[in-house]
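The structure under discussion appears below in the form of C-alpha cells.
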Amino acid sequence: MSTVVIKSVGIDIGTSTSKFMMSELTLGRVSSHFSLPQFDIIERKVTYVSEIIATPLKNEEEIDLPSLVSWLEKEYQQVGLTLSDIKSGAVIITGETAIKKNADALIHYLAERSGDFVVAIAGASLEAVLAGKGSGAARHSQSSRAAIANIDIGGGTANVVVFQQGKVLETITFHVGGRLIEINSLGEVLRVSPSLKPWLCFKKFRVEKGMRLSLTELIEITSGLCGDLLDVLAGEKTISSLENLVHSTSCQGLPRIQEVMVSGGVGRLALEAPPATLADVAKFNDIGPLLASELMKAVKRYHFNVVEAAQTSSATVIGAGTQTTKLSGATISIQPELLPLRNIPVVKAALSEMDFEQQMEQAFLKGKEWFVGNDRLPFAIGLGGTLYLSYLMLKEIAGSIGNLYAKYFPSAEVLAVVCENDMAKALGQALRLQTKFQVICIDQIGIEHGDYIDIGAPLKDELVPVVVKTLAFS
Amino acid sequence: MKEKQIELIVQKVMEQLQAKFPTENRADPIDKGLIFTEKDWETSIPKPAFQEGVADLITSTPARIGVWRTGTRPLTKTMLKLQFDHAAAIDAVGGEVLENYLEEFALFTVETCYENKEVYLKRPDKGRVLTDAAVQTITERCHNRPQVQIVVSDGLSACAVETNLKDVYPALLDSLQLNNLTCGTPFFVKGGRVACMDHIGEILEPEVLVLLIGERPGLVSASSMSAYMCYRPRKGIVESDRNVISNIHPLGTPPVEAGAHIGTVLQKMLEQKASGVKLEL
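Heads up: the sequence lines are chains A and V, in that order.
All residue numbers for the first sequence refer to this note's numbering, where the first residue is 1 and numbers rise by one.
All residue numbers for the second sequence refer to this note's numbering, where the first residue is 475 and numbers rise by one.
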C-alpha cells in the first residue's frame, strides 16, 4: 500500500553529444504507521536510454533548436510517452554548450515542451553531482570507507565530484574535454576552444587553427592536461596554481581522495583500445580518444584506486532523470490549483527566538531589491534553523511573516514558504488563519539564499515534487 | 500553628543565606556548571577506526550506541545516565497533571475506575471504564453527539500532557477550524487507558473521537504523547479500528505538526466513515 510510481525523464544537451532517458521512480511511505506520514523515492529504475546523437548545431555558438526538438519528439514517440505522463525530470545543458548563445531560450523552451514538471537545470557543480550519482560513484561510496572522486569528462569540461558515505564533499570543474581541440585524420587543427587557450599559453603549447600536429605533440598536450587534473585531485598541485585550467570549484583545497571513477563520453572511450595512429585519434575529429587513453595511463602513476563506472557516457543524463526531483514532507499546506510553480527565487531567514522579525524584514528588503517582476508571488521564503517551535512561537512567526509580506508586497496574492524542518502544516495553518494570502507551505527541503525552486503538482494529496536549483539561468 | 512556625524558620534561613551569599554570586547554576546538560553526559569511542561511519550510526538513532565501555561494562557516566532516565520514566508514571494547568485549556476532570496508581498499573481494565460520577458529569456537561470529541488523559505519563498539550491542542483546534469540523466539549480523564475511548463513545456518541494520552515512558523520552483516533468509538472496537500518531514530543514528532495533521486524519475518517486499517490515508 501507499506506493506511487512516477515517470521521470532526463535530457542532456552536451557540448558534443545529446542523450535522452526515461525512468520510473517509485515513491513509498518510509515512516511507520504510528508516525506522521513520510515519503521518499524508494526505487529508481532506468527504463530507456536513447542512442547518443551529435548535438545539432547551427553554427559554433548556436544550437539548432528545431532539429533538437524534432529528435526529442521522435524519442518521446518511440517510448510511447505523452507529455501528461511525465511527472518529473530534468533537462540539463552541460559543459560548454551552456555558455553558447541560445542556451537560455532552449532550456526554457524544452522545459515547457517536455512534460508537466520537467525542469531546466545547468551549472557545472550540479552537473558534477548528477554525473557522480548517475555513474554509480555515490552508491559505491556508501559501501566503502574511502572518498571517491567521479571524473565525468565530456566534450567541453571535466566535472569532478567527491563523495564519501554517499554525501557530496566538494565539486571542481576543469577545462578538460575531448572536443576542446578538433582535428582531422592528418592532425590538422580545425578548431581550438577559447576556454583551453589560457592553459595552452601557460604551458607554452602553440596550437592554432590550420596547424598540423604530430601524434607525439598531441600526446604531450593530452597527457599534460590529464597530469595537471590528477595532480590537483591528488593534492600535488594547488587549485590556485592552476587557475587557467579550473573552470569553477566549491573549495580551495580538496579532501584526500582514495578512489576515482571515470565517466562521461571520454570515460566510455577509456574502455576501448588506445588509439595507435593519428587516424584512430581523429575518429570523431577531436582529441577525445587520446585524452581517454592518456588519462588511464596517467592515473596509474598516482595512489588512486580506479573503480569501474556502472555508467559512462550516460551518467549525467541518468543522474538528471533520476536524481533531480526531491520530495517534500508529507504533512504540508498547499492549494493544488496554484501548482506547479516554476523558477521562484528564494530569500532565506533562520528561525530564532531573539530577532526573527528583524531578520525577516531584512530578508524581505533584499528580496524587494533583487526580485522584481512577479507581483503576485515575488519570491519564496526559506526558513532554516533548528529551533523547537512551540505553538506560541509559531503564531508569532506566522504573524511576522504575514504583516511584513503585506507591508512590502501589497499586490502579492500568494505566500510561499519552504521550511527545512517538519513544521509546514502547522505553519501553513497559522498563516491561513492569520493572513489573507493564498498559502503554499512545504517542508523538509534544504534551501539557500539565492536558490531557485520549482514546486510541482501534488503526487498524493499532500506530497509535492520539488527541484532546488542552486545555479539557474536568470 | 505548626505550619506558620515552619514558614518563619524558612524565611529566617533564607535571609541569612542571602546575607552570606550576595546576589552577584548567585549566578545561574548552569553557568556555574552545577547542572548537567546533555553535553556533559556525552561519551564517545576514543579512537574510532572509522569516524564518519560511527558518527553516521549515532545520528541515525537516539539509542545509546557508541558510548564506549570499561572492560566489558558500560562507563560510570553511561550507567548513571541510564539510571537517571529510568528514574524520570518512573516519575512520569507516578506523576499527576496539575489542576490549574488543565484550567488553562478549560478542561474539567473526570476519573476512570482506576482508584489509585497502584491499581491503575495492575488492572489496565479499570482504566478503560469511567466512574458513575464521571458518566453523570460528562452526560450533563458535554455536548451530545458532536462531530469531533477531544479527550485528554494522563495515561502512563502525566508529564507528557504538561510538556505537549500547550502545543498540540491549539494546533489541533486550528486544524479543526480549517477543515470546517465542529468540536464538542473537551475534558480530561484521570487514570485513563486508550480504550476508555469506547466507553466515552457509548455515552456521547461522537462521529469521531481523538484521545491525547501520555505514552508509556521509555528511556529516550518520558514525556511522549500519542493521539489515538477512532470513527464512532463504541463497545467492541478492536485495536485495528483505531489510528494513532505516536511519539509526539519536542525531540520526536513535532507537537504542532502532529496537532495540525490530526484534523486531516479526522476529516478522512468522516469522509470514508471508517478508521484504523480500513482508512485510506
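Idealized CB from N, CA, C, for every residue including glycine.
Every value quoted in this text rests on a predicted model; they were computed, and no experiment measured them.
Terminal residues of the beta strand (DSSP E) in which residue 416 of chain A lies: Reading the first sequence from its first residue, position 416 is the one you call residue 416 of chain A. It spans 414-419 - the beta strand (DSSP E) in which residue 416 of chain A sits, taken as one unbroken run.
Exposure of residue 230 of chain A, with buried meaning 16 or more beta-carbon neighbours within 10 Å: As a working mapping, residue 230 of chain A is identified with position 230 in the first sequence. Residue 230 of chain A counts as buried, since at least 16 other C-beta atoms from the protein chains shown sit within 10 angstroms of its C-beta.
Proximity winner among A/234, A/86 and A/309, relative to residue 261 of chain A (alpha-carbon distances): The residue you call residue 261 of chain A lines up with position 261 of the first sequence. Taking the Cα of residue 261 of chain A as reference, the smallest distance to any Cα among A/234, A/86 and A/309 is reached at A/309.
Option in A/156, A/124 and A/161 with minimal Cα separation from residue 133 of chain A: For the purposes of this step, residue 133 of chain A is taken as the residue at position 133 of the first sequence. Of the listed residues, the one whose Cα sits closest to residue 133 of chain A is A/161.
Coil, strand or helix - residue 10 of chain A by DSSP: Start at 1 with the first residue of the first sequence, and residue 10 of chain A comes out as number 10. Reduced to three states, the DSSP call for residue 10 of chain A is strand.
Proximity of residue 520 of chain V and residue 641 of chain V at Cβ, strictly below 8 Å: Sequence index remark: in the second sequence, residue 520 of chain V carries index 46 (1-based). Sequence index remark: in the second sequence, residue 641 of chain V carries index 167 (1-based). The answer is no: Cβ separation not under 8 Å.
Coil, strand or helix - residue 739 of chain V by DSSP: Position 265 of the second sequence, counting from 1, holds the residue named residue 739 of chain V. Collapsing the DSSP output to three states places residue 739 of chain V in a helix.
Expected contact under 8 Å - CB spacing of residue 130 of chain A and residue 324 of chain A to nearest Å: Residue numbering aside, residue 130 of chain A sits at position 130 when the first sequence is read from its first letter. Residue numbering aside, residue 324 of chain A sits at position 324 when the first sequence is read from its first letter. The pair is a contact, with the Cβ atoms about 7 Å apart (cut-off 8 Å).
Start-to-end residues for the beta strand (DSSP E) that takes in residue 702 of chain V: Counting from one through the second sequence, the residue named residue 702 of chain V turns up at place 228. In the DSSP assignment, residue 702 of chain V falls within the unbroken beta strand (DSSP E) covering 699-705.
Buried or exposed (CB count within 10 angstroms, at least 16 for buried), residue 555 of chain V: As a position in the second sequence, residue 555 of chain V is number 81, starting the count at 1. The Cβ neighbour count for residue 555 of chain V, taken over all protein chains shown within 10 Å, is at least 16; the residue is labelled buried.
Local conformation of residue 604 of chain V per DSSP, three classes: Against the second sequence, residue 604 of chain V aligns to sequence position 130. In this structure, residue 604 of chain V counts as strand in the three-state DSSP scheme.
Residues that residue 212 of chain A bridges to, as DSSP identifies them: Working through the first sequence from its first residue, we reach residue 212 of chain A at position 212. DSSP, once it has assigned bridges, lists A/188 as partnering residue 212 of chain A.
Whole runs of the beta strand (DSSP E) within the stretch 359-430 of chain A, excluding any shorter than 3 residues: Unbroken beta strand (DSSP E) runs of no fewer than 3 residues, entirely contained in the stretch 359-430 of chain A, are found at 380-384 and 414-419, following chain order.
Under 9 Å (Cβ pairs) to chain V, residues found in the stretch 420-449 of chain A: Listed by position, the residues of the stretch 420-449 of chain A near chain V (Cβ gap below 9 Å) are 421, 422, 423, 424, 425, 426, 427, 428, 429, 430, 432, 433 and 443.
Same chain, Cβ closer than 7 Å to residue 732 of chain V, five either side skipped, listed in chain order: Translated into positions along the second sequence, residue 732 of chain V becomes position 258. Around residue 732 of chain V: 642, 701, 719 and 722.
Same chain, Cβ closer than 8 Å to residue 255 of chain A, neighbours up to 5 away in sequence not counted: Translated into positions along the first sequence, residue 255 of chain A becomes position 255. Correct list, in chain order: 147, 162, 164, 169 and 170.
Residues in the stretch 704-732 of chain V having any Cβ partner in chain A nearer than 7 Å: Cβ contacts with chain A: 718, 719, 720, 721, 724, 727, 728, 730, 731 and 732.
Sub-8 Å separation of residue 345 of chain A and residue 304 of chain A beta-carbons: The residue given as residue 345 of chain A occupies position 345 in the first sequence. The residue given as residue 304 of chain A occupies position 304 in the first sequence. Cβ distance not < 8 Å, so residue 345 of chain A and residue 304 of chain A don't count as in contact.
C-beta atoms of residue 125 of chain A and residue 321 of chain A nearer than 8 Å: Mapped onto the first sequence, residue 125 of chain A falls at position 125. Mapped onto the first sequence, residue 321 of chain A falls at position 321. Going by C-beta atoms, residue 125 of chain A is not nearer than 8 Å to residue 321 of chain A.
Segment contact, 8 Å Cβ cut-off, at least three pairs: the stretch 392-401 of chain A with the stretch 455-471 of chain A: Counting Cβ pairs under 8 Å, fewer than three are found: no touch.
CB contact flag (residue 122 of chain A, residue 93 of chain A, <8 Å): By 1-based counting over the first sequence, the position of residue 122 of chain A is 122. By 1-based counting over the first sequence, the position of residue 93 of chain A is 93. Yes, Cβ-Cβ distance for residue 122 of chain A and residue 93 of chain A is below 8 Å.
Start-to-end residues for the beta strand (DSSP E) that takes in residue 577 of chain V: Taking the first residue of the second sequence as 1, we reach residue 577 of chain V at position 103. Looking at the DSSP string, residue 577 of chain V is not in any beta strand (DSSP E); the run it does join, the alpha helix (DSSP H), is 573-577.
Three-state secondary structure (DSSP) of residue 284 of chain A: The count along the first sequence starts at 1 and reaches residue 284 of chain A at position 284. Residue 284 of chain A falls in the helix class under three-state DSSP.
Residue 593 of chain V burial status per 10 Å Cβ neighbour count (16 or more: buried): Taking the second sequence and counting its residues from 1, one reaches residue 593 of chain V at position 119. Around the beta carbon of residue 593 of chain V, a 10 Å sphere encloses fewer than 16 other beta carbons of the protein chains shown; the residue is thus reported as exposed.
Selection from A/358, A/60 and A/56 that minimises the alpha carbon distance to residue 70 of chain A: For this step, residue 70 of chain A is matched to residue 70 along the first sequence. Of the residues A/358, A/60 and A/56, the one whose Cα lies closest to the Cα of residue 70 of chain A is A/56.
Against chain A: residues of the stretch 520-542 of chain V by CB proximity under 8 Å: With the criterion set as a beta carbon lying under 8 Å from some beta carbon of chain A, the members of the stretch 520-542 of chain V are 524, 526, 527 and 530, in sequence order.
Beta-carbon neighbours of residue 331 of chain A, restricted to chain V and to distances below 9 Å: Along the first sequence, read from residue 1 onward, the residue named residue 331 of chain A stands at position 331. By Cβ distance, chain V contributes 731, 732, 734, 735 and 738.
Contact list for the stretch 637-670 of chain V against chain A, Cβ threshold 9 Å: Taking 9 Å as the Cβ-Cβ cut-off, the stretch 637-670 of chain V approaches chain A at 640, 641, 642, 643, 644, 645, 648, 649, 651 and 652, given in chain order.
Neighbour flag for residue 744 of chain V against chain A, beta carbons, 8 Å: Here the question's residue 744 of chain V lines up with position 270 in the second sequence. Taking 8 Å as the CB threshold, residue 744 of chain V stays off the interface with chain A.
Within chain A, partners of residue 685 of chain V - CB distance below 7 Å: Counting from 1 along the second sequence, the entry for residue 685 of chain V is found at position 211. Result: empty, since nearest Cβ-Cβ is about 14 Å, beyond 7 Å.
Beta carbon proximity, residue 408 of chain A to chain V, threshold 8 Å: For the purposes of this step, residue 408 of chain A is identified with residue 408 of the first sequence, where counting begins at 1. It does not: the Cβ of residue 408 of chain A has no partner Cβ on chain V nearer than 8 Å.
Minimum Cβ-Cβ distance from residue 4 of chain A to chain V less than 8 Å: Position 4 of the first sequence, counted from the first residue, corresponds to residue 4 of chain A. No, residue 4 of chain A does not count as interfacial toward chain V.
The stretch 686-695 of chain V / the stretch 555-564 of chain V touching (three or more Cβ pairs under 8 Å): The stretch 686-695 of chain V vs the stretch 555-564 of chain V: in contact.
Contacting residues, own chain, Cβ-Cβ under 7 Å from residue 44 of chain A (five flanking each side not counted): Taking the first residue of the first sequence as 1, we reach residue 44 of chain A at position 44. Excluding residues up to 5 positions away in sequence, 23, 25 and 322 lie with their Cβ nearer than 7 Å to the Cβ of residue 44 of chain A in the same chain.
Any chain A beta carbon closer than 8 Å to residue 576 of chain V: Taking the first residue of the second sequence as position 1, residue 576 of chain V is located at position 102. No, its Cβ sits nowhere closer than 8 Å to a Cβ of chain A.
Three CB pairs or more closer than 8 Å across the stretch 641-658 of chain V and the stretch 584-603 of chain V: Per the Cβ contact rule, the stretch 641-658 of chain V is not in contact with the stretch 584-603 of chain V (fewer than 3 Cβ pairs under 8 Å).
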